[in-house]
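Everything below concerns the one structure shown next.
Residue numbers (the numbering used here): 5 to 151.
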């Protein structure tokens with residue numbers, strides 16, 4: 005029975021600090037709530053936002069380097085729209101198994117202020133979205149079509 009009493013005493017010893025810690029933490033929380041300033045309508049800035057703002061300040065000092073834009077050469081297949089042409093771009097792709105070259109074609113809608121006509125060979129360059137389907141711009145007319 006002596007061992008049981010020792011375990012009871014040890015349990016009491018363990019329980020006592022836990023109760024005092026719980027009381028102390030609740031008191032500390034209450035004091036912190038009283039001392040804390042009232043929340044404003046705007047949330048405080050996060051550390052990531054502050055770091056991003058610092059990084060953007062550094063970026064404005066240096067000139068921004070843009071990558072080279074994609075260029076394609078193709079033939080105008082339609083000029084029915086105002087300031088827009090449809091350009092067909094052909095490319096050869098080697099078949100992975102049969103090793104035969106296959107001709108692939110794709111049509112691009114391009115902004116045209118140069119006045120390209122059907123059959124003209126043109127160079128188009130990638131640009132920002134100009135409309136729902138137009139992301140290319142005619143840079144030059146390489147060869148005019150013969151009528």
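Ideal placement from N, C-alpha and C gives every residue a C-beta, glycine not left out.
The shortest CA-to-CA distance from residue 70 to any of 90, 147, 151 and 130 is the one to 130.
At the C-beta level, residue 79 and residue 125 come within 9 Å of one another. Assignment of residue 127 by DSSP, reduced to helix, strand and coil, places it in the strand class. With a beta-carbon spacing of about 16 Å, residue 149 and residue 128 fall beyond the 8 Å limit used to define contacts. Cβ contact annotation for residue 105 (same chain, cutoff 8 Å, sequence separation greater than five): 96, 97, 98 and 99, in chain order.
Taking 8 Å as the upper bound for CB-CB distance, residue 145 and residue 120 are in contact here, some 5 Å apart. The beta carbons of residue 118 and residue 92 sit no closer together than 9 Å.
Around the Cβ of residue 116, a 10 Å sphere holds 16 or more other Cβ atoms; the residue is buried. The residues 90, in chain order, have a CB closer than 6 Å to that of residue 82 in the same chain once the five nearest residues on each side in sequence are set aside.
In this structure, the beta-carbon distance from residue 139 to residue 133 falls below 9 Å. Considering only 88, 84, 76 and 68, the residue with the shortest C-alpha distance to residue 136 is 88.
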